[in-house]
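Reading through the structure tokens given below for one structure.
Residue numbers (this note's numbering): 15 to 112.
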């Protein structure tokens with residue numbers, strides 16, 4: 015029964031939840047299917063735009079985690095600069111499929 019006790023020292027659960035939905039967020043931002051984003055992430059497809067969006071999303075999560083660790087008891091866990099949304103659009107002549 016002790017296996018049901020919640021260990022408040024475990025910090026990985028909030029971190030994992032930040033990554034949940036990353037493909038859906040990137041897909042929605044770029045207007046593509048989440049399965050396509052997943053295939054690009056696994057290396058089955060190539061797209062510089064999707065790769066850049068995934069890298070940016072991971073950077074935002076990493077920055078959030080670093081900020082959270084530095085401000086352990088701060089109630090405002092998301093700085094204003096991280097709340098801003100970024101949009102990645104293909105450059106003229108560049109398609110999502112690279």
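Just so you know, even glycine gets a beta-carbon here, dropped at the ideal spot from N, CA and C.
Please read these numbers as outputs of a predicted model, since none were measured by experiment.
Classify residue i as buried or exposed, calling it buried when 16 or more other Cβ atoms lie within 10 Å of its own Cβ.
i	result
residue 69	exposed
residue 30	exposed
residue 71	buried
Please report how far the alpha carbon of residue i lies from the alpha carbon of residue j, in whole angstroms.
i	j	result
residue 55	residue 49	10 Å
residue 67	residue 79	18 Å
residue 35	residue 60	20 Å
residue 73	residue 58	22 Å
Determine, using beta carbons only, whether residue i and residue j come nearer to each other than 7 Å.
i	j	result
residue 46	residue 37	no
residue 32	residue 75	yes
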